[in-house]
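Read the structure below first, then the notes.
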Amino acid sequence: MDKFYWYSVIAGATVIFGFLYGYFNIINKLLYRFIDSSLLLFHFSFLSLFIYKVLPNGNISKYIKILFPLFLLVILSCLYSSGLSRPPSSAFAFTNFGLVLFCCFYYLQLFEEMPTINLLKEPSFWIISGIFFCMCATIPISSIGDYLHKNTSRQLYLLVGGIGSFAYGVMHLFFIKAYLCSINQSKV
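Sequential numbering from 2 applies to the sequence shown in the working numbering.
Listed below in structure tokens is the structure:
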């Protein structure tokens with residue numbers, strides 16, 4: 002949990018930044034898209050490294066060491082192919098799929114080793130469960146996002162996008178639960 006708050010701080014700043022761009026048009030579109038793409042890379046890297054750090058099993062950690070640069074390369078190629086004009090939904094889909102896969106490694110390790118700790122009081126369990134829920138909920142949306150943007154009404158596109166926003170909100174509620182668990186652990 003040490004320094005995990007930075008993810009939520011940057012996520013909050015991103016929401017504020019997007020709101021200011023969308024409603025007040027303070028900065029130009031190219032700069033906003035560049036920042037949006039950079040934050041996608043931060044999102045993937047930060048959460049992947051967190052999952053990697055909470056995996057004590059070296060055998061499973063090897064898979065993340067191999068898969069992380071591969072996913073990063075695919076995400077970068079998706080971003081590069083769009084010319085940073087707008088991060089393609091495929092970049093979000095690959096990002097989320099990579100995180101779901103890393104969460105599955107964590108769960109696999111839990112089932113193999115059957116921990117003696119109470120998972121309901123373990124902060125890392127809540128964080129990874131939040132990541133897993135959110136990424137699973139947003140993979141279908143991000144997979145068809147470009148199609149919806151081009152072939153449906155704006156209202157439907159925004160409505161489906163609202164599901165993603167809801168999933169990220171739930172993920173942050175899981176993060177709050179993890180924070181509360183870490184406070185309770187430090188008191189004991």
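Ideal Cβ positions, reconstructed from N, Cα and C, are used throughout, including at glycine.
Everything numeric in this text was worked out from a predicted model, so none of it was measured.
Query: The alpha helix (DSSP H) enclosing Asp147, as first and last residue numbers; Result: 146 to 152
Query: Distance between Ala138 and Leu159 (C-alpha atoms, nearest Å); Result: 16 Å
Query: Boundaries (first-last residue) of the alpha helix (DSSP H) holding Ser83; Result: Neither: Ser83 is in no alpha helix (DSSP H) and is coded neither H nor E.
Query: 8 Å contact criterion, which Ala94 and Ser143 should meet: CB distance rounded; Result: 4 Å
Query: Glu113 - DSSP class collapsed to helix/strand/coil; Result: helix
Query: Check: Lys30 C-beta below 6 Å from any heavy atom of the ligand FMN; Result: Inclusion of the ligand FMN in the displayed structure is not the case, the ligand content being empty and no account of it being possible.
Query: Host alpha helix (DSSP H) of Phe5 (start-end); Result: Neither: Phe5 is in no alpha helix (DSSP H) and is coded neither H nor E.
Query: Phe25 burial status per 10 Å Cβ neighbour count (16 or more: buried); Result: exposed
Query: Per-residue DSSP class, three states only, for Leu48; Result: helix
Query: DSSP-derived helix/strand/coil call for Ile140; Result: helix
Query: Phe126 to Phe167 span [Cα, whole Å]; Result: 20 Å
Query: Three-state secondary structure (DSSP) of Asn29; Result: coil
Query: Length of the line joining the Cα atoms of Cys104 and Leu50; Result: 11 Å
Query: Beta-carbon proximity check, Asn97 vs Met136, cutoff 7 Å; Result: yes
Query: Validate contact between the stretch 109 to 118 and the stretch 55 to 69 using beta carbons, cut 8 Å, 3 pairs; Result: yes
Query: Neighbourhood of Leu21 by C-beta distance below 6 Å, restricted to the same chain and skipping five residues each side; Result: Ile27
Query: Coarse secondary structure for Ser118, derived from DSSP in three states; Result: Sequence check: residue 118 is Ile here, not Ser. In the structure shown, Ile118 sits in coil (DSSP, three-state: anything other than H, G, I, E or B).
Query: Alpha carbon of Phe5 to alpha carbon of Tyr53, nearest angstrom; Result: 14 Å
Query: Three-state class that DSSP yields for Pro124 in the structure shown; Result: helix
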